Structures are given as structure tokens and as C-alpha cells.
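K.L.:
One structure, as C-alpha cells, below. Some questions next.
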Amino acid sequence: MQAYQAAVHAASESPQRFWEVQSRALDWYSAPQKILSRDEQGAQRWFADGLLNTSHLCLDAQIAAGRGAQLALIYDSPVTGQQARYTYQQLKDWVAHAAGMLKAQGVGAGDRVVIYMPMIPEAAVAMLACARLGAIHSVVFGGFAAHELAIRIEDATPKVIITASCGIEIDRVLPYKPLVDKAIAEASHKVACCVVLQRPQCQAELHGERDVDWHTAIAKAEAAEPVPVRATDPLYILYTSGTTGKPKGVVRDNGGHAVAMHYSMHTVYGVKPGDVFWAASDVGWVVGHSYIVYGPLLAGCTTVLYEGKPVRTPDASAFWRVCAEHRVNVLFAAPTAFRAIRKEDPSAKGLQGHDLTALQRIYLAGERLDPPTYDWLSDTLKRPVLDHWWQTETGWAIAGNPVGLQLMPVKAGSATVPMPGYQIEILDDEGRTLSAGQQGNICVKLPLPPGCLPTIWGNQARFEAGYLNNFPGYYQTGDGGYLDSDGYLFVMGRTDDIINVAGHRLSTGEMEEVLGSHSAVAECAVIGVANELKGQLPVGLVVLKDGAMVEEEQLSRELVAQVRESIGAVACFQRALVVKRLPKTRSGKILRRTLRQMAMGEAYSVPSTIDDPAVLDELKAQLASLEDCAIRPA
Numbered sequence: 001m002q003a004y005q006a007a008v009h010a011a012s013e014s015p016q017r018f019w020e021v022q023s024r025a026l027d028w029y030s031a032p033q034k035i036l037s038r039d040e041q042g043a044q045r046w047f048a049d050g051l052l053n054t055s056h057l058c059l060d061a062q063i064a065a066g067r068g069a070q071l072a073l074i075y076d077s078p079v080t081g082q083q084a085r086y087t088y089q090q091l092k093d094w095v096a097h098a099a100g101m102l103k104a105q106g107v108g109a110g111d112r113v114v115i116y117m118p119m120i121p122e123a124a125v126a127m128l129a130c131a132r133l134g135a136i137h138s139v140v141f142g143g144f145a146a147h148e149l150a151i152r153i154e155d156a157t158p159k160v161i162i163t164a165s166c167g168i169e170i171d172r173v174l175p176y177k178p179l180v181d182k183a184i185a186e187a188s189h190k191v192a193c194c195v196v197l198q199r200p201q202c203q204a205e206l207h208g209e210r211d212v213d214w215h216t217a218i219a220k221a222e223a224a225e226p227v228p229v230r231a232t233d234p235l236y237i238l239y240t241s242g243t244t245g246k247p248k249g250v251v252r253d254n255g256g257h258a259v260a261m262h263y264s265m266h267t268v269y270g271v272k273p274g275d276v277f278w279a280a281s282d283v284g285w286v287v288g289h290s291y292i293v294y295g296p297l298l299a300g301c302t303t304v305l306y307e308g309k310p311v312r313t314p315d316a317s318a319f320w321r322v323c324a325e326h327r328v329n330v331l332f333a334a335p336t337a338f339r340a341i342r343k344e345d346p347s348a349k350g351l352q353g354h355d356l357t358a359l360q361r362i363y364l365a366g367e368r369l370d371p372p373t374y375d376w377l378s379d380t381l382k383r384p385v386l387d388h389w390w391q392t393e394t395g396w397a398i399a400g401n402p403v404g405l406q407l408m409p410v411k412a413g414s415a416t417v418p419m420p421g422y423q424i425e426i427l428d429d430e431g432r433t434l435s436a437g438q439q440g441n442i443c444v445k446l447p448l449p450p451g452c453l454p455t456i457w458g459n460q461a462r463f464e465a466g467y468l469n470n471f472p473g474y475y476q477t478g479d480g481g482y483l484d485s486d487g488y489l490f491v492m493g494r495t496d497d498i499i500n501v502a503g504h505r506l507s508t509g510e511m512e513e514v515l516g517s518h519s520a521v522a523e524c525a526v527i528g529v530a531n532e533l534k535g536q537l538p539v540g541l542v543v544l545k546d547g548a549m550v551e552e553e554q555l556s557r558e559l560v561a562q563v564r565e566s567i568g569a570v571a572c573f574q575r576a577l578v579v580k581r582l583p584k585t586r587s588g589k590i591l592r593r594t595l596r597q598m599a600m601g602e603a604y605s606v607p608s609t610i611d612d613p614a615v616l617d618e619l620k621a622q623l624a625s626l627e628d629c630a631i632r633p634a
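Residue 1 is where the sequence shown starts when you use full-length UniProt numbering, and the numbers rise one by one after that.
This is how it looks when you write it as C-alpha cells:
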């Protein structure tokens, strides 16, 4: 662990010196002299006096380094049957004209642009075009409800919206323009221009002077050069759900973000220029920002942009086909994607005929990587399967396996170790540091490394109240877990996923590990429901693997026995329900809070991020049965 320990020591003992060294890898217009400082609001800022442009670093600087003819972006769309490839030179020319199109609409440095598009190359081009002008983009997941889009328009006050005529799902075409029109009408902030990319699957109706056709406008546009911006100027705003119901606009700055992305591509993912990197996510999420668009291009890699699903486009071999065809070196996806593949193809027959010799490593993040899924992937692919943990707020890995420094031994269930720059401590509710093996609040000692959010858009007080005030001197992640005696981090779930059974604080993630290890279980969720005697009791919701032949009562008995054996009688795990599917966000996170509210008959709202609201209707009757059984003394 010498190389890793040396980096950790350098980053913790002298963070300014450490990150100044990392910043030298970038092509600044004016290199920073002020490495770490505070702004007028007291917020921590990195590289405040540096000047750069993120689009320049992703494209122009790569061409200057001799990569103009190298592939920059591969588009693969099984839902349309289309593929396309763009070199760095071709992508730069396209982005420059897209920036010119926005400039013609009055967009300049500091202006906001909302991007509401499916997973098509134009989405990445729009992001990079905004960055080229110093404008701030806010990507909203294509297909979000009009009201949710209106809320984001209201908060970001964009000058322009860029959208497509439609998105394409597995079994339907979803028109986007009616949703955008409804959102614009609902928002009190009035958008000056709406740029619409017409897709052949569904043509949108354009209205008056406000609506502009993408292709027509691009053809008329002059190429725009990169605009130098301060390192502390925002690159983008990305909205994440908030406990108050009002979305939080996470701000990412240009300088710290570029340094962190470049550093993480080497340290976390171990890639080099020319490698093919595929983050199987969406540009509506932070993974798409960090590792579909910016990270790979900053590192001189080829990035894959995939418009499809892990299954049913056309089947559970989709991921293996993409990896084989495009010679993917590193694959990054959410555990839920591989659980879906495992559910439909538990024996991995879909691997047959696909040459994966180029694939070196698989990375998982976005939710906890349960040991059964890790074991299945590891046994199936015979390659390193590496969990890592981060958040929308941090933009890159808080903990992971530092492959660029050295590949460390894997412990199933652990995200491995803190990345250099993140000083993790486990604190109890009173802020006292806990010993190895003790579960508590996962916190990061300040200062946060570059790339992490400096504020919430337009609301510094909300940032401080939500992340800094509970544990002074620390960033509160909102997750619970523990560090073991080797310094490995185990993230057991959000702190509100800790349940209290007769005074014992128990992790639902730990119980989910046990349930997920059953041979018939594809995926699961454990929720705590109220109980008169114990305070709370855990209940398991399990989805069976395709073809699994087991009666529900027998399975429930077996799962109860497994939890008792692995965790003990103290868990009081007494019931498991078989469900067809679990409600999830579009990024694959299970909506445990909503499940708890439904189970207890409490009022709940359908989260804006839910992938399919119909799942909740399917579960209502089953979850209603828990309200009666849960309150009986155990």
C-alpha cells in the first residue's frame, strides 16, 4: 500500500501542495497561484485566480496533443439501430458550431441553459458547447414530468432550453416537446428560446419565434472559440432531490472539477489516453456528467454513449455486445444493471460469442454493491470487479480502489479505501470519532478536495445547513457505515436506512446482503416498520430470479433462518414478501423511504426521479398488509 499511503499522506498533510501538483496536468490559460481560499460567502474555493475553459481542455487541448484523428465518442443506440463515431477533431468542430448557435441566441458567460435530451450525441455536444461559452448548463433527465422541469426552470432561470422532439423507451416513443411546452407555461420565469432537435421517430410542433430548429440553427452558426473563465465560475448545476421536496441545485465549478476529473481517471480508473471508457449511465445523472462527457475527454480517452438498457434492448447480452464491438477497456455501471442481467440470465449464457478480451475492469457505484452481485460478476467475468462510492455532491469517488496507484485486495461489501483528498471519519450522533468496526455517520474532514460542490445554487445557507452544520469541521455525507481495522470503508446505506430494533441499531444493508445471497433472490430491499414492543421490525421485499421455483412461505422461512444465522436473533427478522419488482429511481436506486411510508399507511409523494410510477400501484396491497402485522408484539 506504499504508493496509496504516500498519496493519502501528501493530500492530507499538505492539500494545497498536493492539488497544485495535480493541477499542472491541465492546459490553463493562466495557471492558479491561489490554490485554496474562501470566497465572500466563506465557501471553500479551489484555484480561485486560475483561468481555463473546460471545453478547450476536453477538445482543443487534446487535438493539440496529437489526438485529433483519435475516436472521442462512440454512439450506440439499440433502440434505434444506429451507431456513430466521432474523432476529437470532428467533435470539436461540431461543439464549436453548437456554441456559435447558442451565441447567436444571446447566450454568454454566466447564462444558464437547460438541456432536456435523451442519450444522443447532441446532448454531450450541447453540454460542451455551453462550457465553451462559459455558460452554465443544467441537464434535466429527458422525460421528467413537466412540473419537475418547471421547478428547475424556475430555480436556474435559463435563457435557452435545448431539447429533442422525443425520447425512445423500450416499448414506446415519448414526445418531449409537449412536456417542455407545459413546463415553460407553468414556470413564471420565461425562456427566450427553445432549440429543438427533430428526431425521425416523432416530429415536434415548433411555435413562433421562440422555437428554433437545431439543424437549421447549426447550419447558420459560425464556430465559436473557447471563452476563458475563472476556475470558480460554475460549469453546471445538477439538481438532486432534497428532504424539503424542493430540488437542490448542486453547483460544480470549472477549475476544481477539471482537476478532479483528470486525477480520478488515472487514480480511480487506471486509464490512459486512447483507452475506451464506457459509463453505462445517463447524462441526466452525475455519472453521465463526470464519466460519459467530461472525465474521459479530459483524459484523452474514447467515451461510449449508449441509448439503451441492460436488458430488453434486445436481451440480457446487450452489455456484453457493446463491450465486444467497441473494445471497451473499462465498464462502469450501477449494481442494479447487473442484477437485472443476472435475473434474466443467471447462468450468463449471453456472454457466449462475445469477445471481451479488451475488458480489463468493471466498476460499480450509485448504490451499495451487495456481495451476491459482486460474487456473480466476479465469477462470471473473471476480472476485477471494483465497488466505489461517491455522490452527486462530490462528483467523483470518495472511496474506491486506487488502481492508478495500485490494485488493492477486494473485500466484498466494501467500497475499499478513501481516495486521496478525502479524510473519512466515522462519527457518532454527538460528533465523537468511533473505533474500527463501529457503525456511525460517515463524514469527511474539511477541506473537501477539488471537484466537490462549493455551494447550492442560490442558497449557501441551505448548503451549510444540509452538509456542514451538524458536525462542525466535517462534511456530512448522510450515509452510515464503518471503517474496518484495515481502513476499508463499508457503506451500509443512508442514515435513515438504519433501523432501531429494541435499542439495537441495525443496518438494512447488512440484512439485504443476507437475503441477496439466497439462490432464488435476484434483488431485495429491507425496510423497517413500526412495532409496539420492539420499536421497529425489519421486513424484506424480494424479487425472484427468472425461473426460480420456490413457494413464498418456504422462501420466507429460509430467509428468516439465514438472517438469524448471519446476524442473530437480535435482528428480529420475521417476514419476507415476494414482489414482482421494486420501485427505483432512473439511476437504479431503490426508493426505500417511499416503501416504508407505504407500508405504514403514511402519506407519501411519488418522487420525481421514479423510473415507473406503476410499480407503486402494484405494491399497494402487499405493503398495506404489513401495517397490521408489524404492530403486533414480536
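C-beta: ideal position from N, C-alpha, C; glycine also.
Nothing here was measured: the structure is a model prediction, and the numbers come from that model.
Please classify D282 as buried or exposed, where buried requires at least 16 other C-beta atoms within 10 Å of its C-beta.
P.N.:
Start at 1 with the first residue of the sequence shown, and residue 282 comes out as number 282. Under this definition D282 is a buried residue.
K.L.:
In chain order, what residues of the same chain lie with their CB nearer than 6 Å to the CB of L623, ignoring the 5 residues before and after it?
P.N.:
Looking up residue 623 in the sequence shown gives position 623. M598, A599.
K.L.:
What residue range does the beta strand (DSSP E) around M492 cover?
P.N.:
Counting from one through the sequence shown, the residue named residue 492 turns up at place 492. Per DSSP, M492 belongs to the beta strand (DSSP E) from 489-494.
K.L.:
Buried or exposed, going by whether 16 or more other CB atoms sit within 10 Å of the CB of Q62?
P.N.:
As a position in the sequence shown, residue 62 is number 62, starting the count at 1. Buried, because 16 or more other Cβ atoms sit within 10 Å of the Cβ of Q62.
K.L.:
From P633 to I590, what does the alpha carbon distance come to, in whole angstroms?
P.N.:
As a first step, residue 633 is located in the sequence shown; it is residue number 633 there, counting from the start. As a first step, residue 590 is located in the sequence shown; it is residue number 590 there, counting from the start. Annotation note: pLDDT 34 at P633 (below 50); position unreliable, no value reported.
K.L.:
For F277, which of helix, strand or coil comes out of DSSP?
P.N.:
The sequence position of residue 277 within the sequence shown is 277, counting from 1. Three-state DSSP puts F277 in a strand.
K.L.:
Around the Cβ of A258, are there at least 16 other Cβ atoms within 10 angstroms (buried) or fewer (exposed)?
P.N.:
Within the sequence shown, residue 258 is the residue found at index 258, counting from 1. A258 should be labelled buried.
K.L.:
DSSP three-state label for L57, please.
P.N.:
Here residue 57 corresponds to residue number 57 of the sequence shown, with the count starting at 1. Helix, per DSSP.
K.L.:
Below 8 Å on the Cβ atoms is my contact criterion, and I expect A204 with V212 to pass it. Report the Cβ-Cβ distance as a whole number of Å.
P.N.:
As a position in the sequence shown, residue 204 is number 204, starting the count at 1. As a position in the sequence shown, residue 212 is number 212, starting the count at 1. Contact flag wrong, Cβ pair sits at about 12 Å.
K.L.:
In chain order, what residues of the same chain lie with their CB nearer than 8 Å to the CB of P409, ignoring the 5 residues before and after it?
P.N.:
Within the sequence shown, residue 409 is the residue found at index 409, counting from 1. Here P409 has no same chain residue with a Cβ atom under 8 Å from its own Cβ, once five neighbours each way along the sequence are excluded.
K.L.:
What are the boundary residues of the beta strand (DSSP E) that H137 is part of?
P.N.:
Position 137 of the sequence shown, counting from 1, holds the residue named residue 137. Per DSSP, H137 belongs to the beta strand (DSSP E) from 136-139.
K.L.:
Please name the residue in D315, P32, A461, S507 whose C-alpha comes closest to that of Q41.
P.N.:
Position 41 of the sequence shown holds residue 41. Ranking the options by Cα distance to Q41, first place goes to A461.
K.L.:
Would you kindly check if the distance between the Cβ of R199 and the Cβ of A146 is under 8 Å?
P.N.:
Translated into the one-based positions of the sequence shown, residue 146 becomes position 146. Translated into the one-based positions of the sequence shown, residue 199 becomes position 199. Going by C-beta atoms, A146 is not nearer than 8 Å to R199.
K.L.:
What does DSSP give as the partner residues of P175 in its beta bridges?
P.N.:
The residue given as residue 175 occupies position 175 in the sequence shown. For P175, which the question treats as bridged, DSSP gives the partners C166.
K.L.:
Determine the burial state of residue 691: buried for a count of at least 16 other Cβ atoms within 10 Å of its Cβ, exposed for fewer.
P.N.:
The structure shown has nothing for residue 691, since the chain only spans 1 to 634.
K.L.:
May I have the straight-line CA-CA distance separating P450 from M261, to the nearest angstrom?
P.N.:
Within the sequence shown, residue 450 is the residue found at index 450, counting from 1. Within the sequence shown, residue 261 is the residue found at index 261, counting from 1. Cα-Cα distance, rounded: 9 Å.
K.L.:
If we call anything under 8 Å between Cβ atoms a contact, is V173 one with C194?
P.N.:
Locating residue 173 in the sequence shown gives position 173, where the first residue counts as 1. Locating residue 194 in the sequence shown gives position 194, where the first residue counts as 1. No, Cβ-Cβ distance for V173 and C194 is not below 8 Å.
K.L.:
For R338, which of helix, strand or coil comes out of DSSP?
P.N.:
Against the sequence shown, residue 338 aligns to sequence position 338. The question names Arg, but residue 338 is Phe in the sequence shown. Residue state, collapsed to three classes: helix.
K.L.:
Evaluate contact between the stretch 117-127 and the stretch 304-320, counting only Cβ atoms and requiring at least three cross-stretch pairs below 8 Å.
P.N.:
yes
K.L.:
Where does Q62 sit, in a helix, a strand or coil, going by DSSP?
P.N.:
Here residue 62 refers to the residue found at position 62 when the sequence shown is read from its first residue. Three-state DSSP puts Q62 in a helix.
K.L.:
What separation, rounded to the nearest whole angstrom, lies between the Cα atoms of I237 and P420?
P.N.:
Position 237 of the sequence shown holds residue 237. Position 420 of the sequence shown holds residue 420. Those two C-alpha atoms are separated by around 25 Å.
K.L.:
So for Q82, helix, strand or coil by DSSP?
P.N.:
Your numbering for residue 82 matches position 82 in the sequence shown. Residue state, collapsed to three classes: strand.
K.L.:
Less than 7 Å between C-beta atoms, sequence neighbours within five positions excluded: which residues of the same chain meet that for C58?
P.N.:
Working through the sequence shown from its first residue, we reach residue 58 at position 58. If we look at C58 and ignore the five residues flanking it on each side, its Cβ neighbours are L128, Y294, L297, L298.
K.L.:
Which residues share a DSSP beta bridge with E425?
P.N.:
Residue mapping note: residue 425 aligns to position 425 of the sequence shown, counting from 1. Answer by DSSP bridge pairing, in chain order: C443.
K.L.:
Could you give the first and the last residue of the continuous beta strand (DSSP E) run that contains R252?
P.N.:
Position 252 of the sequence shown, counting from 1, holds the residue named residue 252. Where R252 is concerned, the enclosing beta strand (DSSP E) stretches over 248-253.
K.L.:
Using the DSSP secondary-structure output, state which residues sit across from W46 in a beta bridge.
P.N.:
Mapped onto the sequence shown, residue 46 falls at position 46. DSSP lists L36 as partners of W46.
K.L.:
Alpha carbon to alpha carbon, what distance is there between L434 and E425?
P.N.:
If you number the sequence shown from 1, residue 425 lands on position 425. If you number the sequence shown from 1, residue 434 lands on position 434. Cα to Cα, E425 sits roughly 8 Å from L434.
K.L.:
Under 8 Å by Cβ, that's how I've got P538 and F490 pegged, so tell me the actual separation to the nearest angstrom.
P.N.:
In the sequence shown, residue 538 corresponds to position 538, counting from 1. In the sequence shown, residue 490 corresponds to position 490, counting from 1. So it is not a contact: roughly 18 Å between Cβ atoms.
K.L.:
What separation, rounded to the nearest whole angstrom, lies between the Cα atoms of N469 and A99?
P.N.:
Reading the sequence shown from its first residue, position 469 is the one you call residue 469. Reading the sequence shown from its first residue, position 99 is the one you call residue 99. About 40 Å.
K.L.:
Pull up the distance between the alpha-carbon of S14 and that of M265, whole angstroms please.
P.N.:
One-based indexing of the sequence shown puts residue 14 at position 14. One-based indexing of the sequence shown puts residue 265 at position 265. The straight-line gap from Cα to Cα measures roughly 22 Å.
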